[in-house]
Each structure stands twice: as structure tokens, then as C-alpha cells.
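Worksheet: one structure, shown below.
4 protein chains.
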Amino acid sequence: MGKTMEIQLDSAALVTPQLLRRLHATRKRTVSLAKPLSEEDCCVQSMPDASPVKWHMAHTTWFFETFILERFEAGFKPFHPAFRVLFNSYYNGIGEKHPRPQRGLLTRPSTDEVVAYRHNVDTRLGKLLDGLMRDGSVEDSRSAAALVELGVQHEQQHQELILTDLKHLLAQNPLFPAYTPRTDGSAAHAAPLAWQHVDAGVVQIGFDGGGFCFDNELPRHRQFTEAFTLASRLTTNGEYAAFVAEGGYRDPALWLSEGWEWVRGNGLRHPIYWQRENDGARWQEFTLHGLQPLDMQAPLLHISYFEADAYARWAGARLPTEFEWEAAAAREPGLSQLYGTAWQWTSSSYAPYPGFTPADGAIGEYNGKFMVNQYVLRGSSLATPEGHARLSYRNFFPATARWQFSGIRLAK
Amino acid sequence: MGKTMEIQLDSAALVTPQLLRRLHATRKRTVSLAKPLSEEDCCVQSMPDASPVKWHMAHTTWFFETFILERFEAGFKPFHPAFRVLFNSYYNGIGEKHPRPQRGLLTRPSTDEVVAYRHNVDTRLGKLLDGLMRDGSVEDSRSAAALVELGVQHEQQHQELILTDLKHLLAQNPLFPAYTPRTDGSAAHAAPLAWQHVDAGVVQIGFDGGGFCFDNELPRHRQFTEAFTLASRLTTNGEYAAFVAEGGYRDPALWLSEGWEWVRGNGLRHPIYWQRENDGARWQEFTLHGLQPLDMQAPLLHISYFEADAYARWAGARLPTEFEWEAAAAREPGLSQLYGTAWQWTSSSYAPYPGFTPADGAIGEYNGKFMVNQYVLRGSSLATPEGHARLSYRNFFPATARWQFSGIRLAK
Amino acid sequence: MGKTMEIQLDSAALVTPQLLRRLHATRKRTVSLAKPLSEEDCCVQSMPDASPVKWHMAHTTWFFETFILERFEAGFKPFHPAFRVLFNSYYNGIGEKHPRPQRGLLTRPSTDEVVAYRHNVDTRLGKLLDGLMRDGSVEDSRSAAALVELGVQHEQQHQELILTDLKHLLAQNPLFPAYTPRTDGSAAHAAPLAWQHVDAGVVQIGFDGGGFCFDNELPRHRQFTEAFTLASRLTTNGEYAAFVAEGGYRDPALWLSEGWEWVRGNGLRHPIYWQRENDGARWQEFTLHGLQPLDMQAPLLHISYFEADAYARWAGARLPTEFEWEAAAAREPGLSQLYGTAWQWTSSSYAPYPGFTPADGAIGEYNGKFMVNQYVLRGSSLATPEGHARLSYRNFFPATARWQFSGIRLAK
Amino acid sequence: MGKTMEIQLDSAALVTPQLLRRLHATRKRTVSLAKPLSEEDCCVQSMPDASPVKWHMAHTTWFFETFILERFEAGFKPFHPAFRVLFNSYYNGIGEKHPRPQRGLLTRPSTDEVVAYRHNVDTRLGKLLDGLMRDGSVEDSRSAAALVELGVQHEQQHQELILTDLKHLLAQNPLFPAYTPRTDGSAAHAAPLAWQHVDAGVVQIGFDGGGFCFDNELPRHRQFTEAFTLASRLTTNGEYAAFVAEGGYRDPALWLSEGWEWVRGNGLRHPIYWQRENDGARWQEFTLHGLQPLDMQAPLLHISYFEADAYARWAGARLPTEFEWEAAAAREPGLSQLYGTAWQWTSSSYAPYPGFTPADGAIGEYNGKFMVNQYVLRGSSLATPEGHARLSYRNFFPATARWQFSGIRLAK
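Protein chains in written order, with the working numbering: chain A, 1 to 412; chain B, 1001 to 1412; chain C, 2001 to 2412; chain D, 3001 to 3412.
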């Protein structure tokens, strides 16, 4: 997610006022996410895997400028020639790109200039799409609508990354600053863990029906899953704290060999945002509301694949495959927290579905390029924008990624 | 392969004269593999992923000493206390182990001492097994037979690694020394490439029937494969040379993103053992017979997953999944070079089969420990010992591994 | 420079209105250096060796708060407890410090808060020193005066680093932003290069006379220098461009062995801030006024020791020792550009003078700690604050440091 | 030492029978050093800084072949064309060289072949030099004599390195094998430490008189040394053990800043060849006779510059400059262990003497190339061949080098 741009552009939908409203709302939400932040917060990059908020704001704008305005706008001229390199993420077909680990060195353009860039592109885009609605060809309207939809989905992905990357940045600061104040004082309450059984059989996997999907969700195809059971809810902080307390990070028998090297090489002893209170007796957790006591009933977050796998082994269970997850989520009641809580690691390596075909040209250039040494996560997280999640959605990250809003749903 | 020791020990077979003959033949073959080598050839380690020949000779002996003699021999005393650490590979349950990258620093014990170690253990093992045949309990005889079988299989794996690692070592030497002289002067002749079709359906995957298998081949279970076609033979050097000549190593569009970084970061331009002749016009290949002209009709060898995947994309095809490979190999005539030529990369990440259960104790300790960020290879290679290959065998290596006897069978 | 805090605190001077004016002017100048910069410019760190402008502003304030207010102010309370860690640079005696490579992650405190920190400390410091002037003991007044002097010198060092580090940051940006507009349109004109002869003899080296010096300039002692000649002026861009044009970066015979590895390992072909114009025919140079045509008559800047040494060898000369530099600068007319142009590399490894004694306690804690694998630079640069340079001043950097305002004066 | 080949070739001496005897004895001693070793011991390289014994044997032979036979022998043909690359160490002017970290991968040529190479070159060299004695021109005889002398000195350097590198290799082996059995059972007895005073004054530094020297010992020139005192003997193991016991490796205040990072980064707690006995109570030391109890009265060996410097600070002393060492060693009685015990670190960075001129051509090609970031050691060690040491000899290594036979003589 946020690393690839996989899409089917053969949609039959036209540009409509509804689409424009979605576009407008999405664009507005990105800016509102940055509201509580200073210019400095928006500019700095905490590690090569993360990007600055300002870069996300500019890159999502670059996307609309490059793939829609440049194609459809009469007499197109880029807002700033250098932005084509600075805010290109990976589209080799488009030309040069600025090195990812140096995104945080771009103190110029300023956040204000990036906001101006957003306004400029939004205005021109509005004018262009209005024109297409009034008197554009059906073909142009279809192409533009598909690209707008893609741009909206793309920007939604980056909205989640804005929160993810920002959280990582703020966590590096010994002052542990809050992004927003905590408003909800109520503690979580975890339901008892139950196991949902699914019989063996051939299941249909992949996107089905109308609307948007990324091309890694296609084609819809068949898989056979042997009988399995899936946990009714996500693993809680309290359950994981027991694993930590009982030496989970010190026992090589619980870890994949490569995971154990990673744990030892980095001296890991607990999840990335956990820390002991001063007296050492209790856990605290860094959150977007600053340091908070660890809520033992709340779902565990920010866990790597290696940690999820080790925990599952310790718990006498395992991680589900992505096919098991999708089959159960499609059919079974009794599963809670499928969406909107935490991305759920599966044991499935990210791979193409049978018959997978990448789209043509620049947008499809990197389709499937990440299908190696990454693991699929399913569901969605509390940081995923409203309306972005769906049953067939495939998120993916390397086994060491800890800074995502990722959690654990066990299987047996 | 060679990195894990996965076995089912519940065999019902007893110690028999036939088993002893297999043991003896296997042990003898290991020593004969080292015959053409000097002590120096046997001692040096060319990279952390490879081990010295002497280490392989000692480690396979350590296996029998530790898992059979120590358990069954009355008044057991180790041949040398330090060898328990020096020649332990990864069995944490057995105790400390010598760091893998430093195996090549062990100029002592000498090759002669290791040969003496082999003789000593072989003699004691023969005596022990003779005794078990004569007057051992059924239970002991079964256990010992299963462990001998495992030790034989284990040693066979290391026989392939001896050739693999030795080839890598000799290739580092600008003198390009030959392991053995070339005796066969006949050139290869590749059959025309045909495509075998397999219908969609549920297939049985995993080991079936009697005899030995590793536990990663179990349990036998069902998979669904959509219709596919598989290449009738392996990719040849000539076919791959066309990929190289047409800029295969210079076009990022052909590579997985991580593969492209690997290619650029290491400045790769051709397979590991290829090099240009002095005039630059023709390819040579380093072989166990020294530098040889590249045989364009012969099967391509020593290719990484990244290279195999890029070649397949360039050729308008893809790599098969391991289930496709096994399903086709089980049912279809028309496939040549399944075994005894080159391990064949599949697009399947190495993962446990549904219901997989690791064995207990030290031998099973690391079962499944490598099931992350590795890709499955099927079939077997020209370096695989006679009788070691089978339909359900799962070899596995990381996507960057180039020094194995690995090749390409395309799918569509 | 900027990395050590070496001082003699046994001055007999008292706190005076003149000292307060110097303090005030120095503190004011730091803030004015940041005037042309945005908050983002002040926050970002371009490499581990450089620090953000905001950090320099806070650290110099921390110095006064920690070493003067904490000692002399009745009822002292730190402005912010966390700042004691965040803005400590290396004084282990004072407690923990924030890791240097992570200084750029501190988006909080904001630049505004740091300016408020400066105002707060300045106000309290003014009040304290006024009180000491009116009715402090002679002992307290002397101690405080020495510490104020040290704080002023320390802040002057950081003023140079602000410009040095900022230049490096802006140079990473493909927009090549200017810190200030270029006002001076006149081109430089280099005088002909002459050689000043100095006879062999015993010379006095080290600080002599009243006023402030760092303790690495003491004790004054004797050295013997054989007869030598020193270049009357610094090497120009044009002279160095000839070295580049004639293959200076491609000939290993010109470089120290370690320097050659550094050149090859980093693919270096010219000084850090040079680049070819688009047509490749002419050099441009990144400056604090943005990209500018390279002025061939102007003194060469931003050169490492390795580059300086290679150039000298190519030019049939060598770098002077620091004793030669000081002896010539002390006695000889005929030398221009000694101060205020570029720090001048010497061939002298940074080492203690005979009889060197570090000061006691936190301020002296790290005295001499950097006296290994660094080379001495003499003189001062155009970025050195007025009044900070002197004959015996010893700046020092590792042989690879390129981002300082450093140049070349040849010797024979 | 062993890394550079600095020489003055303008000697007036001719080829004489005495010279031939020295040559013969030196060549013979190299082979005898390898006598107690197996082929494996001779082949393996324990780290990039060290070379295999076999490589030393071949490289010293390559030297005579390349610089003498190739120049003087009629119809010269190299023993093996590939050896010119394999056993070239750094002479760029001679052509390509094999990468240093891969010297240990050369299992071919075998040790026997290298011995044959030695015999071949020795025989041809003997014949050539005999001829020159009989009827060579004075000019040829002088040139050849100078080169033979250089080759002898060069081989002596490598004789010390053979022992140094071999000790490092054997120490990596958990069996701790002995190179030779211990014959001398007598314990050392350290004399009381006294301090020799030297008055301030101008001293003569550098080689003086006839015979051989390396060019880094020239020109003889003047230095001024302030008054100082020098320890009458080297630091003992017992004295250093007190430093270790009192937390020397845990107190950053004792270390240079870069040294402290090195200690922490490598987790160092004692000298490289020390280890605790099983009960933890006593120190053992790995020696060429295997593991031995640490002799507290014996001189400390195998210490880095950083360790020497930290110890000196802890002991309230410092390391001498190389000029102080040479001045004291030239004039003062009362100093023991100057030669034949341990190389003695000085605080002097390795730098050219005033007026230093490298020799011309390949032999001089790398003269002075190492004169950066290295520190000078004076005296000689127990591994230095008889007759190789002299007052003006300058050995040098980086501040982290621990595996040399290096020790500490304090100064004040």
C-alpha cells in the first residue's frame, strides 16, 4: 500500500458531480490532516521507509497534475518544472525521481508553496472536469473518471501513510509530542476470544462486482482451503504483554531463523511504541495523543510479521493465509474487527493471482514489482480512510515492518 | 536444502543389511568426492553462505555421532569434545555452535584428522547397528533405522553442497582450476520447446506412499490450480544469452523492484559463472572442468530467482507455482529434465503446508524455521545424488542465491 | 572547531560593561543569521556531521544556562528539563545527550520556542551579570567573566557552523535555493603566486599574551623548523580546475592510499559544490547565493585534506606543517589571505602541545579527546565571525571533511 | 611495515659473497618459519588485514623475480604468468593485482608449488648474481646489490608478518593450536620502572651513516624536543591488568573520542589475545605456544594505539613522540627493551620528514602513500628478524591495529 499503483482503467463510469464531490472531499481531508502540524513537523523524514507529510501532500498533487492535467488540459504547463522530479515516487516512465531517503532534505518548496500547488492543481482540475462533464467525449470522460478514481484511492492510501509516518516521526522525539489531544477517556473492553470454523472447499478469491479495485485483487479465481478456524477478534495488548513477560523476545525456538537474527541484531524486547514507565513496572505506549498507559484490553498495534509469527507460535496457533482470511471474512458472521482496527498479517507471501496482467504504460509500469519478500495484510486499520477498505484489498509489507498500524488475528 | 533437517521419524522399518549397505555407500561417496582435492581446497570457505568441504565431511559425521552413537552406544564418549561445537550447524538444543562465517578459519583439525573422525564413527556405528540387528529391541531398531535413514538423506544433501560450494570456491581463483578433467566431449542438443497444458482442478500435493520424506513435504493436502501450461524442458544457455544480449540486465521494467536494486547494487550483467572470452565475442563458463566455451544448447545453470523471474517476464511467460510444478510432474508425460539437470525455481514462497507439524526435540527444533523470504525449487540437479530426488521434494533458497545448480522452467 | 571546548579559565578579567556588550552582540548575531531562513530550513539535518540551525541556536543557549545560570543564579530552574539532554552536545559529565545523527528529527521544540528559550536565558543572564558587576565577589566575577568569554567564543564557533551546515543542506536541494541574494557583482582578481622563504631555526609556537585562547593553543613552546617557503596566497579555483581537467581525480599516483580509496569509493570527480553547467563546458558552484558560475580567480573553497594533499603533489609542492604556517604568519610580511578567506589545511595531525593539560571538570572533560586522525587547519574563513581568528588558533577536521570553508596554501 | 617499500637505491655497494649469504639465509629462514605448519595453516586468511603464510612466501619471491630477474636475466620468462597478478601486493606500476581480502581463497597454487616457485627463483637469482660478481658491470652490480638488499629487508618484514598473521589465524580456532611447543619454562621478571630524563634541545632525527635504510627514515634533520622523561622499560601485563580490573575499558574519560566509539562498537573489554580461565578468576593469553597463563611480569603485547593511549592517561602519563623516543634511545643508557620485545607506539602521526623525496618508478611508487591516519611505532619486537631493527626505523599502523607485536613505553 502506498508503494504501488495498481488499477484497472477499463471502468465504464463517466465524470459525475458525485465523483467531483468525492475528489473534493478527499483533497480537503489531506490538508485537514496536516492542520495540527507545524511546518517543521511536515518537512522532516524519520527514516528512509517513511516520507515527510509535505512530500505526501505534494506527491498526491503531482499525481493528478501528471496523469490528468498533462493529458487533458489544453496548453498544459507544469506548476513548477522541478516538481516533476521532486514529487515523482517511482514512475520510471515519467522520468527522473528524487531519491527516497532524501525527501526529508527538501526544506524548499515550503509547506505554504505546496499548499499553493495543491490549490492550483485543484482549481485547474475542477475546471477541466467541469468541461468534460459539459462537453467532453464519452471516451475522454471515461478515461478521466477512471484516473480521478485512481487518484482518489491513491490519495487515500497516502492519508493513512501521513498518519503512519508522522507517528513514527513524533515517536523519535524525547518530548513525545501529541498530534491531537486525547478526547476519548473510555477504556477498551475486549470480547472473549472465540474460534470460527470454516470447512474445507474451493473458494472464490479476488475482487468481485462493480466499482474500483487495484489490479493485484484480480483476476477473481479459485483456491482450495483445507478446514481451519479463525480467531473472532484481534490479539490484545494484554495477550501480547504476557508473551513479552514470559520471555517471548528471548527464546529462539519461537522465532523464524531470520526473525531471530533481526530481534538480536536490533536488540528488540517489545513492540516499537511500547516503553516501560519510569518505575519499570508498567507499560506505556506512544500514540498520536502522546505517551499513554498501555490499554491491555485494546487491540495490539504496530507489530512486524516476525513478531506476529512468533506470538502465534507461542500461543499454539498460526497466522491465516490470505485465502483463509478472505474466505472466512466473506462468509462468516462472528468475526469482529475485520476493518478499521488493524491491518492483519497473513502468512501469504505477496504474489500475483493466476492470470494477473499488469496495466499498460506508466501507471501500470510498476504493477507487481513488489511481489517478492513481502507479506500480505488484510482488513484495514483505524488510520484507513472511510470507504477505502474492502474484502479483497491486499496490503503488503516486508516481514520487518513495524511502524504500520498492523496487528494479529490468529488461525488454527 | 542443507539448511534444515525435517523428518518424520515414525517409520516402521527396522535396521537391515540393505540399510547398512546404503549407509556405507553414502559415507564412502562423500570421501570419494573429496579425492581430487588438496587439503587447502577442502579447508577454505569462499563466502559465508558456503562451507568448506572439510566442514561438510565433519558435520555429516557429527550428525551420526550425536544423534545415533550418543543415544545408543553404551559408554558413549565423543571422539573429540570440541567437535560438538565446531561441527554443529544449527541445532540450538544440542548446545553451542561455531559461527558459520568462520568455518573456513578451522585449519585444525586437519583433513586427515577429519577422515580419522569419519572412520572412527563409521566403525562404531557399524558395530552398534550390527548389534541392533542381532539382538536389539524392535523399538530401538526402528528408532535407529529412522535416524540412519535421516543421516543418509542429510549426507546426500551435503554431497550436493560439497560440489556447489567447491565450484564457488574454485571460481574465485584467477587460475580457474578444474575439479575433474572433462571427459565427455559431446555437445548438448536441446529439443524444441513445447508447452504442456494442465486443466484447472483440485490436485493432491505432498508426499504420498512409503519410504522417506522430509516433514516439509507433509501433510499431503489439496490445492486448486487454474488451468496452466508448463514448458516441456528447461531454458537453455542460448535462450538466456539472447536475454543478456538484448539488454536484459539493463532494463528495470523486466525486474522486480528489489531484484533491480540487487542487480544495480552488485553491477551484475550476466550469470555468476559466465565471462567473456578475451576478445569479448564469445561467452565462457566456469565449470567443474575449468573454463569452457558456453554450450548454447545446454540447460542454463546457476541462476537466482530474480534472474529467473526477469527472464520469464522478458520471454512473455512466468515461473510456475510449486503446486503447478508438482501437479504437472505427477500426471503429464511430455516433460523432460524434471530431475537430474537443474533445480527449478517456482514462484512459491517457502511456507508450511496446511496442518504442518514440526517434529519434536533437537532434530525437529528448526523445522519450518526457514519458512520466510525463501522461494521453493523443485526437481533436482546434476549434482544431486542418485536416489535423493522425488516428486514432492521441496528445496528452497533466498531470491538472490546464484551459486546453486538452479535453472528455469517456464510456465504460462 | 565546534567539536571541542577547550579553554583556560584562569583569566583575571572581571565582568565589565564591555563584556556584556560583546555577549549581547554575539547573541544577537546568531539570531540574525537565521533571519533569512524558514522554520523548515532551521530544523533539517543534512548529514550526521552537520547539525540543524535550530539546534545550534539552542545548544549555544544551553551552554550559558548550564555553565553560568545553573552555577550562579539563585533558585536556578532550567527553562525546560528535557533541553538539558536535547541540546547537550558531548559533555558526558553533564549527563545524557541526544544522539547526534537524530538532531534533525526534533521538530519540537519549534524554532519559536527556541527563540523564546534564547530570550529567557539572555534576560536571566543579563540580570545575573548586572548583579555581579554591582555587588559580586571578585572571585565570582572572575569566574563568570571567564565563562561568558568562553560562551561567546563557543557561540562564534557555532555561527560559522550555522553557515557551513546550512550551505550543505541547501546544496542537497535540486532547487539550489539561495540563502541571501548576491549583492557583490565584482569578480575576484588573484595576485600572482609568490613564495616566501623562512630560514631554519627554533620558533615559538602557541598562544602568547593576554586575552582568550583555547587550551589546545597552549602551552607556548619551541619547535624547530627546517628552511621552507610558503605560498603568498591561497590556491584559486582556476588552478584547481586545471588539476581536475588534467585528470587529477583519476590518477592514483597523486593520492594518499586511503585518499584514493575514498575518491573511488565515493566516485568523486570534483569539489563538493562544483557541478558542470548543462552543456558540460563550464563549471558552476553552489554558494550561499545559489548556483553561480565558478570564479576562476577566486580562492578555492570546500576541499578535503585528501584533495588538498593530492593537489599539492600534482603542483610539485606540499602542505605546510602547522608550525611552518604559524612561524611564517608570525614573522613574514608578503602573505595574504591568512585570515577571513579559507581555513588552510596543514600536514600536521592534531596533537597536544608538549606539556598540554586539559582543564578540569565538565568544560575540560573532552579536552584533547579529538586528538587522533584529524588534521589541523590554520587561519580562518569568510564565515568566521569578526574577532574570532588569531595566529595560534587550531581548527581541525578529519581528512575526508569537505563541507567546511577550507582551502589550500602550498609550501615547499 | 610490510605495507610500503621505501628505499634508497643509490648505495655504492657491489654484489658480494657476503650479500649472497645474507640472501640465502633470509630465503631459507622464511621456509623454515612455515615448517611446523600444515598446508591448510599456510593457506587461510583470518581477516582482510592479514595475509596467508603461503601468500607471504610467494609475494617475497615475486619481488625478486619482478625487480631483479625481469631486469637482469637474459631471456627472462616468468615462472607463471598469473603469479604476476596473484602475488603483486600494491605496485600499480607493475600492473593488476589480486584483491587483498581474497588472498585466502587461493587454494591453488599449492604450498608445494609455491615452494617450487621459491626454488626456481632462488636458483636463477643465484646464477645471475654469480655472473654479475664475475663479469658484470659496476653499474649493474651496484643496482643488483641494492635491489637484493631491498629484497632481503622486504622479506624480513614479511617474516615478522608471517608470525603476526599466523598468530591471529590460530587464535580464531577454538582448539587454540600451538605453532611450536613451549620450551622456556622460566617466568619473566620485570625490573622496577624508572624514568629517564632528557633535557630540552635540538636533536638530530633520521638515519645516519652507512648501510641500508628505508626512505621514510630520511632525510636526517633537526627537531626540537622540550624536556621529557621516558620509562626505562615497557609496560607489563600485570600493570595493564590493573587498568583492566579498575574499569579501564568502561570509563569514557580515559579514551580518545574515536577510541571510545571503537571500544563500545566492538564490545572490547581486554587485549585481543587475553581471555578468562573457565573459573573467571585468572587471565590466560593465547600465544604461539597455545593458551598460557598470563605472565604478569612479562611485557604487554598486542595492544592498539587507542588502548595504549587510554592506559597512559590512566597511568598519569602519555605516549612519547617518535622524536623523543629516538632522541632518548640515541643518547641515554638506562633504557631497556628498546629492541626485540615489542614495537612501541608513539603519539606521532606517520608523516614525511622535512625534505622527504620518494624514490622513482615502481619501487618508489607508493612511497609515502600511507602517511595519513597512521601512528608510528619505534624499536622492534620479538618477532622481528635478527639484524632488521635500528634506531631510526619507523613502523606504522592505524590506531585500531591490535594484532601486531606492539606494546607501551610511557613518557611524561
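Glycine included, C-beta positions come from ideal geometry on N, C-alpha and C.
Residues of the region 1203-1230 of chain B that bring their beta carbon within less than 7 Å of a beta carbon in chain D are absent altogether. With its beta carbon less than 7 Å from one in chain D, P1177(B) belongs to the interface.
Between S3038(D) and chain B, the shortest Cβ-Cβ separation is below 7 Å.
Here DSSP, grouped into helix, strand and coil, assigns S143(A) to helix. Under the Cβ criterion (8 Å, minimum of three pairs), the region 36-50 of chain A counts as touching the region 2031-2042 of chain C. Between A3389(D) and S3380(D), the alpha-carbon positions lie close to 6 Å from each other.
For A1312(B), the closest Cβ of chain A is not nearer than 7 Å. Annotation for F63(A): no beta strand (DSSP E) segment contains it, though the alpha helix (DSSP H) segment containing it runs V53 to F64. The Cβ-Cβ distance between T1026(B) and V1121(B) does not fall below 7 Å.
With contacts defined by Cβ atoms closer than 7 Å, F2207(C) and S2347(C) do not form a contacting pair. Taking 7 Å as the CB threshold, L2256(C) lines the interface with chain D. Per DSSP, Q2404(C) lies in no alpha helix (DSSP H) segment and is marked neither H nor E.
Only residues of its own chain outside the window of five on either side were considered, and among them L125, L128, A144, L147, V148 and G151 have a CB closer than 8 Å to the CB of I68(A), listed in chain order.
Membership of E261(A) in the alpha helix (DSSP H) is indicated by the continuous run S257 to G265. Within 10 angstroms of the beta-carbon of A401(A) lie 16 or more other beta-carbons, which makes it buried. When the Cα atoms are used, G1290(B) and N1278(B) turn out to be separated by approximately 16 Å. Shown here for E2096(C): same chain residues with a beta carbon closer than 6 Å to its own, the five before and five after excluded, namely V2085 in chain order.
For L1128(B), the enclosing alpha helix (DSSP H) stretches over residues T1111 to D1135. The beta carbon of A2013(C) sits closer than 6 Å to those of A2145, all from its chain and outside the five residues before and after it, given in chain order. In this structure, V2044(C) and L2169(C) form a Cβ contact; the two beta carbons are roughly 6 Å apart against a cut-off of 8 Å. From the beta-carbon of K2369(C), the residues of chain D found nearer than 7 Å are L3256 and S3257.
Taking the CA atoms as reference points, Q3196(D) sits about 8 Å from A3328(D). In this chain, the beta strand (DSSP E) harbouring Y1375(B) covers Y1375 to R1378. The DSSP-derived three-state label of H3221(D) is strand. In the structure shown, the three-state DSSP call for P2299(C) is strand. In the structure shown, E285(A) adopts extended strand secondary structure according to DSSP, grouped into three states.
C-alpha of N1173(B) to C-alpha of L3105(D): approximately 7 Å in a straight line. Between T3229(D) and F3323(D), the C-beta spacing is not below 7 Å.
Listed along the chain, the chain D residues whose CB falls inside 7 Å of the CB of N2373(C) are E3258, N3373 and A3399. Annotation for L1268(B): Y1249 place their beta carbon closer than 7 Å to its own, counting only its chain and skipping 5 residues before and after. Judged by DSSP secondary structure, T3346(D) falls within the beta strand (DSSP E) whose first and last residues are W3343 to S3349.
Proximity of chain D to D1140(B) at the Cβ level (cut-off 7 Å) is not reached, the minimal Cβ distance being about 34 Å. Inter-segment contact for the region 1247-1264 of chain B and the region 1212-1225 of chain B is absent: fewer than three beta-carbon pairs are separated by less than 8 Å.
Setting aside the 5 residues that flank it on each side, L2300(C) is surrounded in the same chain by L2234, T2235, T2236, N2237, E2239, Y2240, P2271, A2342, G2407 and I2408, each with a C-beta closer than 8 Å to its C-beta; the list follows chain order. Chain-ordered, the chain D residues with CB closer than 8 Å to the CB of G2355(C) read E3226. Residue state for Q2159(C) is assigned as helix, using DSSP reduced to three classes.
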